[in-house]
Amino acid sequence: MWIRLLMKNFYPIAFVLAALLIGGCDEPYPMDSVSSLAKETYTVGDTSYLEISPPITGFLAPSVLYVGNDNLLYVVDSTRIVMMNFAGIMMGERSIDKPSAIAQDWKLDLIVGGVVQRNTGGATTEVPALFRIHLLDSTRQIYHDLAHAYIDTIRVETSRPNRRYVGIGVFPDNSYIVARTGPDNSSPIDPDTRVMMFSKADKYVTPITDLATGVGNGIQYINQLTTLITFPSSRNFLLGQQQTGVAYGVLWMIYQKSEDFDGWQPKFNPTTSSGANIDFIRPYRFVYPAGLAVDNNRLDVFVADAGLDSVMKFNSKGAFKKESFGSAKIGHPLHPSGAAFFDRTLYISDKSQGCIFRFKLSTDF
Numbered sequence: 009m010w011i012r013l014l015m016k017n018f019y020p021i022a023f024v025l026a027a028l029l030i031g032g033c034d035e036p037y038p039m040d041s042v043s044s045l046a047k048e049t050y051t052v053g054d055t056s057y058l059e060i061s062p063p064i065t066g067f068l069a070p071s072v073l074y075v076g077n078d079n080l081l082y083v084v085d086s087t088r089i090v091m092m093n094f095a096g097i098m099m100g101e102r103s104i105d106k107p108s109a110i111a112q113d114w115k116l117d118l119i120v121g122g123v124v125q126r127n128t129g130g131a132t133t134e135v136p137a138l139f140r141i142h143l144l145d146s147t148r149q150i151y152h153d154l155a156h157a158y159i160d161t162i163r164v165e166t167s168r169p170n171r172r173y174v175g176i177g178v179f180p181d182n183s184y185i186v187a188r189t190g191p192d193n194s195s196p197i198d199p200d201t202r203v204m205m206f207s208k209a210d211k212y213v214t215p216i217t218d219l220a221t222g223v224g225n226g227i228q229y230i231n232q233l234t235t236l237i238t239f240p241s242s243r244n245f246l247l248g249q250q251q252t253g254v255a256y257g258v259l260w261m262i263y264q265k266s267e268d269f270d271g272w273q274p275k276f277n278p279t280t281s282s283g284a285n286i287d288f289i290r291p292y293r294f295v296y297p298a299g300l301a302v303d304n305n306r307l308d309v310f311v312a313d314a315g316l317d318s319v320m321k322f323n324s325k326g327a328f329k330k331e332s333f334g335s336a337k338i339g340h341p342l343h344p345s346g347a348a349f350f351d352r353t354l355y356i357s358d359k360s361q362g363c364i365f366r367f368k369l370s371t372d373f
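In terms of the working numbering, the sequence shown opens at residue 9 and continues consecutively.
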């Protein structure tokens with residue numbers, strides 16, 4: 009699809025083509041130990057995730073993973089954004105001050121959360137900022153050259169230095185939402201914790217008022233956000249948050265529009281008879297969901313929980329799947345900090361070990 013988009017906009021694609029050719033649970037799940045793909049054993053009919061060796065290395069502290077609309081993998085790593093193909097070959101990088109979130113629109117621009125330095129009152133302070141990186145820019149003759157791409161600053165919040173942008177999701181019309189978090193939620197008008205809507209022209213439109221900022225046990229309460237992703241070809245999204253003052257660590261929100269309503273509602277409602285036994289919304293199931301990913305074909309959802317050192321998998325009906333795994337399953341420590349899924353392969357970043365682990369279902373080899 010991205011190639012058709014490039015042709016439609018008359019962008020040269022030779023460089024891109026050449027580059028692609030080169031390139032609730034209270035504890036970790038106690039599953040069978042296995043140290044490598046070669047040593048994995050399983051019986052017929054037993055489906056589990058097997059590790060692909062070796063892991064992808066060369067990072068300082070990889071956190072967010074993101075599969076771009078250009079079919080490349082983007083890694084948020086400490087002080088930079090890294091572009092690579094799915095074989096693990098680096099194709100470019102760009103320095104960003106403390107990057108914290110990334111997404112890509114259908115023009116193939118990257119939208120990135122980070123910080124900038126501002127001098128306030130004679131002192132230099134880090135303040136939250138949103139950036140747009142123009143990967144395809146015919147005027148400047150930039151074609152997927154991340155290192156030299158032009159950057160626009162979308163938004164800077166100088167008066168609120170403790171805020172951070174922790175998740176970005178793009179909709180099919182190139183509008184997008186941004187998860188913002190921070191320690192001060194005392195203001196009913198502009199709390200730190202909020203999901204914000206932006207137009208495709210980078211204009212801040214409105215907060216998503218379907219979510220209630222603050223401490224509470226309701227399914228729509230948000231407090232300390234950690235990550236956000238959108239579903240393919242829709243306006244639905246997943247939102248992660250720490251298990252501090254809220255009962256639900258991951259919200260699965262679906263967009264609905266009718267004569268009486270235009271907004272987002274939880275896919276599963278724990279107050280109804282049909283939602284009472286849904287695995288996905290078991291209270292306090294998640295501790296620190298650091299990464300979220302979606303299998304675009306099966307619509308399975310992956311939650312990489314840094315608090316449980318586990319990766320949990322759910323089907324589209326919210327049922328927990330037994331392929332979920334933790335450190336015991338793979339035979340070595342796993343401290344997930346991000347997640348992505350592409351072409352039947354699950355990618356899990358680990359900040360503490362400075363690498364990206366890869367997994368495939370035993371039935372997909």
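From the three backbone atoms N, C-alpha and C, an ideal C-beta is built for every residue, glycine too.
- The closest CA to that of LYS359, considering only ASP85, ILE60, TYR57, is found on ASP85.
- Secondary structure at ASP372: helix, using DSSP grouped into helix, strand and coil.
- Of all C-beta pairs linking the stretch 331–346 to the stretch 259–271, fewer than three are shorter than 8 Å, placing the two stretches out of contact.
- Apart from the 5 residues on each side of it in sequence, GLN264 sits with its Cβ closer than 8 Å to the Cβ of ASP270, GLY271, TRP272, GLN273 in its chain, given in chain order.
- Straight-line spacing of the CA atoms in ILE162 and LEU138 works out to 5 Å.
- Looking from the CA of PRO341, the closest CA among MET205, THR55, ALA327, SER318 belongs to SER318.
- The three-state reading of DSSP puts HIS343 in coil, since its state is none of H, G, I, E or B.
- By the 16-neighbour rule on beta-carbons within 10 angstroms, LYS337 is buried.
- By the criterion of a C-beta distance shorter than 7 Å, PHE245 is surrounded in its chain by GLY177, ILE185, LEU236, ILE237, THR238, PHE239, MET261, once the five residues flanking it on both sides are discounted.
- Taking every protein chain shown into account, the CB of LEU68 has fewer than 16 other CB atoms within 10 angstroms, so this residue is exposed.
- The C-beta distance from GLY122 to ASP105 rounds to 5 Å, short enough to fall under 8 Å.
- According to the DSSP assignment, LYS211 belongs to no beta strand (DSSP E), since it is labelled neither H nor E.
- Contact between GLY326 and ASP287 holds, with the beta-carbon distance rounding to 6 Å and staying under 8 Å.
- Here ARG188 is buried: its Cβ has 16 or more other Cβ atoms, across all protein chains shown, within 10 Å.
- In this structure, LYS211 lies away from ASN182, with their beta-carbon atoms at least 7 Å apart.
- Contact between THR234 and VAL302 fails: their C-beta atoms lie close to 16 Å from each other, not under 8 Å.
- In the three-state reduction of the DSSP assignment, PHE288 falls in the helix class, which pools H, G and I.
- Between VAL258 and PRO199, the CB-CB gap reaches or exceeds 7 Å.
- Around the CB of GLY248, 16 or more other CB atoms lie within 10 Å, so the residue is classed as buried.
- Just so you know, the alpha carbons of ILE89 and PRO278 end up roughly 38 Å apart.
- Under the DSSP definition of a beta bridge, LEU144 partners with TYR151.
- Straight-line measurement puts the Cα of SER335 at about 22 Å from the Cα of VAL83.
- Comparing alpha carbon positions, the residue from SER242, ARG140, ILE227, VAL309 closest to LEU354 is VAL309.
- Comparing alpha carbon positions, the residue from VAL254, VAL213, PHE206, VAL203 closest to ASN225 is VAL254.
- DSSP lists ILE237, TRP260 as the beta-bridge partner residues of LEU246.
- When the Cα atoms are used, LEU316 and PRO196 turn out to be separated by approximately 33 Å.
- A straight line joining the alpha-carbon of ARG306 with that of GLY130 spans about 54 Å.
- Look at SER335 here: in three-state DSSP terms it is helix.
- In this structure, GLN232 sits near GLN250, with a CB-CB distance shorter than 7 Å.
- Between ILE159 and the set LEU144, THR166, PRO169, the nearest pair of CA atoms involves LEU144.
- By the Cβ neighbour-count rule, ILE289 is buried, with 16 or more other Cβ atoms within 10 Å of its own.
- In this structure, ALA348 sits near VAL75, with a CB-CB distance shorter than 7 Å.
- PHE294 sits away from GLY283, with the two beta carbons spaced by 7 Å or more.
- Of CYS363, ILE356, GLN361, the smallest CA-CA separation from TYR57 is found for ILE356.
- Under the 10 Å beta carbon count, ASN193 is surrounded by 16 or more other beta carbons and is classified as buried.
- Take the alpha-carbon of VAL72 and the one of ARG243: they are about 21 Å apart.
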